[in-house]
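In the working numbering, the protein residues as written are 19 to 759.
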């Protein structure tokens, strides 16, 4: 799901005011997709109000979510469901079916029980007329359930009558009625005498008579809402259906025994194998399972009313392959509720089905990103099994990752600095247009058959997985990566510009609170401690820097050119000034030029990395950057030199066009305010005299005048900036006052 699709859902000219009025399952899936999109890629320039409009137009009733699911939603989505003032509070609540009231209705309605149990023809027209109304259809499956519980069996019904009523339900609403049924089942009190009765009744309902679809039931059980009591009961049903009942397990065993290829494009007898499976485990879509069972017993097909529709000549699906996407939802829900043992058991039993998933790498990567950090996924037993959902023969994963996931007793020793250097180098090779993602392993599938065709996108997906799977703290990972980029430790030569580019792309794709913040911490530390940034740049003498003064009715320029050595901030020896003149330009040079001329330095390397990081980051990262700029300005080790100030300008310059797109209209102005406060502080320490300046300071002034049209857009901002400028020492205030004029 992409940002463009999110915008299209907010189309005011759409034909339907509610997108998925018929299906609660689809509506919930879209909410989950929107949450994953925002959390993994950022909110970008999409306003929160627009997201709320989309969420309010997905389903005709209010969608409720458990606190466990809400805790992982991004703030823009979570606020829609938790804010008392949001539009969600105006959406009508979905009516629920009261078990006691429905039970009494079934007992008192003799026509209903007579028709369902005995097929009484005199009551058929009344029942068909009643359940033809869409509002009454939600209770049909619940009525069947109540009668089955009262009778202790699902075999008591007159199946042709039940089939006739079930066919009245529109196919688009079948999954929503499955949700109604599960909510009803979980709300009924079955007493202590028959604890296994509802489990066996649901089993028969799914497999013996196929009144409901297995995947719809699994989805309804793990929909992510309801009380803790409902949740615990739902997990008990999931455990029974997937681990204790033999029905689905036998179907999976049969499916696996047929030897379907993991590389579907190489298989020529797929349809033949599928027909073998369906011959042993037939699937019906018009509630005719009872008739087919009778045909097997008597050899004669009973007459069905209404008759079956003509079957499609070719089939490409079955309940096993259909289950795989719903296994996604189930795994996510078990992670949210920290059901470690159940999650492990299900992945051990059915994890191999993910080999037939259409996008397993995307799911695993997004799962780790969306829930990071999470205690359940941090458990090595769970994390290793999640990665084992992938077919290692299909992806170019690091051998350390494969060994770590395949051996339960392997620890984190393999994930050292060399491992992360190899991850970044491999990503750089995948991004290199000259190398065009070389295939180091000839056994990998051809590019057109891979899950992701783009070498760059596939490379970043694998690199994210290789980083997220490492069982070490994110701060340590960032330290290893920065040691590589900033020439720290034993490394003496700089890495290629493409490697730094790949590093910025990778870090920007990871959770910002845990991977971007450590980078910004290191950046602030470098700004206030690096010796090259703590030196003043070369002084420069200006012409006509003073303000004209009136003398005898005439304006004359008063030039005051003090001796260079009279200004404390500019006083220096010739040798140190020569040293500064040599180092200063290379801080702001093009990185490739420095690399080829053996003049790489930490500030320049970090500058290159930071530009790549901001280029690929979501706009959410800029709010974090603003926070760090404030910390830098207010820290005890404040900016002291013009080179530090120019370095901050170089950091922000390439990102200005993105800062303008921030959702908060005041955020871009706050960047300008912070920068101006820094200018005031540094120039105050420099104690500049009229007629003198420095090379770095002149570039800062040029930068401020260059960007003023972008940010000085409101009179209020201009007034605030003007007050800061007026409080600066002359002649700096005289030179900058035109910024706001």
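C-beta atoms are modelled at their ideal positions from N, C-alpha and C, and glycine is treated no differently.
Measure the alpha-carbon distance for residue 319 versus residue 273 and round it to whole angstroms.
28 angstroms
Rounded to the nearest angstrom, what separates residue 695 and residue 742 at their Cα positions?
Taking the CA atoms as reference points, residue 695 sits about 7 angstroms from residue 742.
Are at least three pairs of beta-carbons, each pair with one atom in the region 360-376 and one in the region 493-510, less than 8 angstroms apart?
Output reads no: the region 493-510 does not touch the region 360-376.
Suppose the cutoff is 8 angstroms on Cβ atoms and the five residues either side in sequence are ignored; what does the same chain contact list for residue 102 look like?
none
Beta-carbon contacts of residue 312 that lie in its chain and below 6 angstroms, excluding the five residues immediately before and after:
Excluding residues up to 5 positions away in sequence, 320 lie with their Cβ nearer than 6 angstroms to the Cβ of residue 312 in the same chain.
Do residue 495 and residue 485 have their C-beta atoms closer together than 8 angstroms?
yes
Mark residue 341 as exposed unless 16 or more other C-beta atoms lie within 10 angstroms of its C-beta, in which case mark it buried.
buried
Round the Cβ separation of residue 676 and residue 644 to the nearest angstrom and send it over; I've been treating them as touching at under 8 angstroms.
Contact doesn't hold; Cβ gap of about 13 angstroms is too wide.
Residue 143 versus residue 229: straight-line alpha-carbon distance, rounded
Residue 143 and residue 229 have their C-alpha atoms some 22 angstroms from each other.
Need the endpoints of the beta strand (DSSP E) that residue 71 sits in, please.
Looking at the DSSP string, residue 71 is not in any beta strand (DSSP E); the run it does join, the alpha helix (DSSP H), is 66-74.
Whole runs of the beta strand (DSSP E) within the region 698-752, excluding any shorter than 3 residues:
Complete beta strand (DSSP E) runs here, min 3: 710-712.
Residues sharing a beta bridge with residue 558, DSSP
711, per the DSSP bridge assignment.
Measuring only the C-alpha atoms, how far is residue 175 from residue 193?
22 angstroms
Residue 37 (DSSP reduced to helix, strand or coil):
In the structure shown, residue 37 sits in coil (DSSP, three-state: anything other than H, G, I, E or B).
By Cβ distance, which residues of its chain are closer than 7 angstroms to residue 222, with the 5 residues on each side in sequence left out?
172
6 angstroms Cβ shell around residue 217 - same chain, five flanking residues per side excluded:
258
Along the chain, where does the alpha helix (DSSP H) containing residue 633 start, and where does it finish?
620-634
Run the CB neighbour count on residue 599, radius 10 Å, all protein chains shown included, and call it buried at 16 or more, exposed below.
Because residue 599 carries a pLDDT of 48, less than 50, the predicted location of this residue cannot be relied on, and no value is offered for it.
The alpha helix (DSSP H) spanning residue 539 covers which residue range?
Taken as a continuous stretch (DSSP letters only), the alpha helix (DSSP H) holding residue 539 covers 535-547.
Quick one: what does DSSP say residue 319 is sitting in, helix, strand or coil?
Correct three-state label for residue 319: coil.
Quick one: what does DSSP say residue 464 is sitting in, helix, strand or coil?
coil
Taking a contact to mean a Cβ-Cβ separation below 8 angstroms, would you say residue 642 touches residue 535 in this structure?
At a Cβ-Cβ threshold of 8 angstroms, residue 642 and residue 535 count as neighbours.
Check whether the Cβ atoms of residue 442 and residue 520 sit closer than 8 angstroms, and answer yes or no.
yes
Measure the alpha-carbon distance for residue 22 versus residue 440 and round it to whole angstroms.
35 angstroms
Rounded separation between residue 397 and residue 199 - CA only:
35 angstroms
Quick one, are the C-beta atoms of residue 165 and residue 114 less than 8 angstroms apart?
no
Pull up the distance between the alpha-carbon of residue 632 and that of residue 756, whole angstroms please.
Computed Cα separation, rounded: 30 angstroms.
Distance, residue 449 Cα to residue 624 Cα:
Using only the alpha carbons, I get a separation of about 20 angstroms.
Is residue 114 helix, strand or coil when you go by DSSP?
coil
Between 163, 627 and 655, which lies nearest to residue 669 when the distance is taken from Cα to Cα?
Measuring from the Cα of residue 669, the nearest candidate turns out to be 627.
Should residue 65 go down as buried or exposed, given a rule of 16 or more other Cβ atoms within 10 Å for buried?
exposed
Give the C-beta separation of residue 750 and residue 701 to the nearest angstrom, bearing in mind that I take them to be a contact with Cβ-Cβ under 8 angstroms.
5 angstroms
Any idea if residue 9 is buried or exposed, counting beta-carbon neighbours within 10 angstroms, 16 or more meaning buried?
In the structure as shown, the chain begins at 19 and stops at 759. Residue 9 is therefore absent and cannot be evaluated.
Here's a check: name, in chain order, each residue in its chain whose Cβ is nearer than 7 angstroms to the Cβ of residue 592, leaving out the five neighbours to either side.
The pLDDT assigned to residue 592 is 45, lower than 50, so where the model puts this residue is not dependable, and the model offers no usable value.
Verify whether the separation of the beta carbon atoms of residue 615 and residue 605 is less than 8 angstroms.
no
Considering only the alpha carbon of each residue, which of 291, 285, 264 and 260 lies closest to residue 276?
291
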